[in-house]
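In our numbering, the protein residues as written are 54 to 364.
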Amino acid sequence: MPGVSAIICVYNQPLVKDAIESVLAQTYPDYELIIIDDGSSDDTRKILASYQNRASIFRQKNQGIAKARNRGLSLARGDLIAFLDADDLWLPQYLSKQVEFLDSHPEFYLSFTDGWFIWQEKIPEQLHSLKTYFTHYPAPAYDNSARIFFEVPVITSLLMFRRSLFEKVGWFSEELRIHEDADLLLRSLEQGMKFGFVNEPLGIKRQLGTGLSQDELGNYLLAREVNHRSWVRSKLLRPYLRKGLPELERAIARIYFEKGDPSKARRFLLSALRYKPWAIRTFLLWIISFLPHWLSGSLVQRSLPVYKKWK
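The following block contains the structure:
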């Protein structure tokens, strides 16, 4: 039985070859590589065929990332499980450092590492370390995992899970087409599970384009739903959600303002005020929403920046 199951789910991603090679270059030898092709229609199938002797490759109809990840989980044999997005990379010591950390910290159900961002238009060499987010937290472990989750980016490609986490909280929610990873982490936090942090940059998150789907409104609405579910389920997380949910409500309001629909914008601004009634700026925006569009537009744009919390 392998110590780690490394799972790559891919759909029409020409960079998947790089992701696979980064797994095969790991210094930790005791792993299996499972690749789920979620119905790709480009050259992905041809790329994967060249690795059939070094990985277990499975193809299915396009069903979305949650079902693809769950298919990988159903096939995984390792006690530790790590997912790598098909456009991301692991540095050679990623698995060995993660395994070493979790072996030393049995109290953690999962751990994540520092990493690098590459923001890509034409693949510029612009790297941003996540380490700056952790300068005011003690390493390698934190007593307040919920605070970490809500204040810093926790990237799925930099996470390693114990199998027991999935046995306790369930698998990825297949009704969610996006934000299924955030939903899983929220459910873990609701049960008091602790996250560990390996204070080394051991992976690379490659962000193509803006990082937002064309359906920006749909993304925000679904993120709102995921966070709202956690609000209903868990009193423990409400102090943290009380900050993030109003930000989402304002982001949705911004889009409705841009669409020329101030009445719907007001609905989400009022919802934001229910979570944070003392937010003066939100209240002023609600008042601005009653002004003519030609007058309110520029005021709204200056007051409602794009929501940047990518959970």
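We put the CB at the ideal spot given by N, CA and C, even for glycine.
**Per-residue burial, V69 [other beta carbons within 10 Å of its own, 16 or more giving buried]** = So V69 ends up on the buried side.
**Message:** How far does the beta strand (DSSP E) with I231 in it extend, from its first residue to its last?
**Reply:** Neither: I231 is in no beta strand (DSSP E) and is coded neither H nor E.
**Request:** Please determine if the region 274 to 283 and the region 294 to 312 are in contact, where contact requires at least 3 C-beta pairs separated by less than 8 Å.
**Result:** Contact between the region 274 to 283 and the region 294 to 312 is present: 3 or more CB-CB pairs across the two stretches fall below 8 Å.
**Message:** Here's the rule: buried if 16 or more other CB atoms are within 10 angstroms of the residue's CB, otherwise exposed. What is N106?
**Reply:** Looking at its Cβ environment, which holds fewer than 16 other Cβ atoms inside 10 Å, N106 is exposed.
**Prompt:** Does the distance from the CB of T51 to the CB of L344 come in under 7 Å?
**Reply:** Within the shown structure, residues of the chain are numbered from 54 to 364, placing residue 51 beyond reach of any answer.
**Item:** For D138, the residue or residues it bridges with in DSSP
**Value:** BP columns for D138 point to C62.
**Asked** Where does I73 land, buried or exposed, given buried means 16+ other C-beta within 10 angstroms?
**Response** Using a 10 angstroms sphere on the CB of I73, the tally of other CB atoms reaches 16 or more, which defines it as buried.
**Request:** With a 10 Å radius around its C-beta and 16 neighbouring C-beta atoms as the bar for buried, classify M54 as buried or exposed.
**Result:** It is exposed - the Cβ of M54 has fewer than 16 other Cβ atoms within 10 Å.
**Whole-angstrom C-beta distance between D167 and S210, which should lie under 8 Å** = Actually they do not touch by this definition, with Cβ atoms about 12 Å apart.
**Prompt:** Out of curiosity, what's the CA-to-CA distance linking N252 and S226?
**Reply:** Rounded to the nearest whole angstrom, the C-alpha separation of N252 and S226 is 30 Å.
**Asked** Which whole runs of the beta strand (DSSP E) in the region 108 to 135 are 3 residues long or more, in chain order?
**Response** Entirely contained in the region 108 to 135, the beta strand (DSSP E) runs reaching 3 residues are, in chain order, 109 to 112.
**Prompt:** Can you name the start and end residues of the alpha helix (DSSP H) that I73 belongs to?
**Reply:** Start and end: V69 to L77.
**Prompt:** Just to confirm, are L163 and H232 a CB contact at a threshold of 7 Å?
**Reply:** Cβ distance not < 7 Å, so L163 and H232 don't count as in contact.
**Request:** Report the residue ranges of all beta strand (DSSP E) runs contained in full by the region 244 to 316; include only those spanning at least 3 residues, in chain order.
**Result:** Here the runs fully enclosed are 247 to 261.
**Item:** Rounded distance between the beta-carbons of L101 and D90, thought under 8 Å
**Value:** Rounded, the Cβ-Cβ distance is 6 Å, consistent with contact.
**Message:** Looking only at its chain, what residues have a beta carbon closer than 6 Å to the beta carbon of S109, apart from the 5 residues adjacent to it on each side?
**Reply:** Answer for S109: I87, listed in chain order.
**Prompt:** When you compare each of G125, H158 and G245 to S287 by their alpha carbons, which one comes out closest?
**Reply:** Of the residues G125, H158 and G245, the one whose Cα lies closest to the Cα of S287 is G245.
**Request:** Taking D132 as the reference, give the member of F219, N272, V207 and E302 with the closest Cα.
**Result:** Of the listed residues, the one whose Cα sits closest to D132 is F219.
**Item:** Coarse secondary structure for T80, derived from DSSP in three states
**Value:** Of the three classes helix, strand and coil, the one that applies to T80 here is coil, per DSSP.
**Message:** Using 8 Å for Cβ pairs, my map puts K247 next to E160. What's the rounded Cβ distance?
**Reply:** Contact between K247 and E160 holds, with the beta-carbon distance rounding to 6 Å and staying under 8 Å.
**Prompt:** Which same chain residues, not among the five before or five after I60, have their C-beta less than 6 Å away from its C-beta?
**Reply:** Result list for I60: I87, G125 and F136, in chain order.
**Message:** Between which two residues does the beta strand (DSSP E) holding F214 run?
**Reply:** For F214, the uninterrupted beta strand (DSSP E) segment begins and ends at L212 to R215.
**Prompt:** Under the three-state reduction of DSSP, which class applies to D156: helix, strand or coil?
**Reply:** Here D156 sits in helix by DSSP.
**Asked** Three-state secondary structure (DSSP) at S225?
**Response** As written in the sequence, residue 225 is Phe, which differs from the Ser given in the question. Looking at F225 - three-state DSSP - the assignment turns out to be coil, as it is neither helix nor strand.
**Message:** Once DSSP output is grouped into helix, strand and coil, what is the label at W169?
**Reply:** Strand.
**Prompt:** Helix, strand or coil for Y162 per DSSP?
**Reply:** Correct three-state label for Y162: strand.
**Item:** Among R216, K114 and S75, nearest to Q146 - alpha-carbon criterion
**Value:** Measuring from the Cα of Q146, the nearest candidate turns out to be S75.
**Request:** With DSSP as the reference, label D90 as helix, strand or coil.
**Result:** Correct three-state label for D90: strand.
**Request:** Report the option in L255, L301 and L289 whose CA atom is closest to the CA atom of T80.
**Result:** With respect to the C-alpha of T80, the residue from L255, L301 and L289 having the closest C-alpha is L255.
**Item:** Sheet register partners of V57 (DSSP bridge)
**Value:** For V57, which the question treats as bridged, DSSP gives the partners Y84 and L133.
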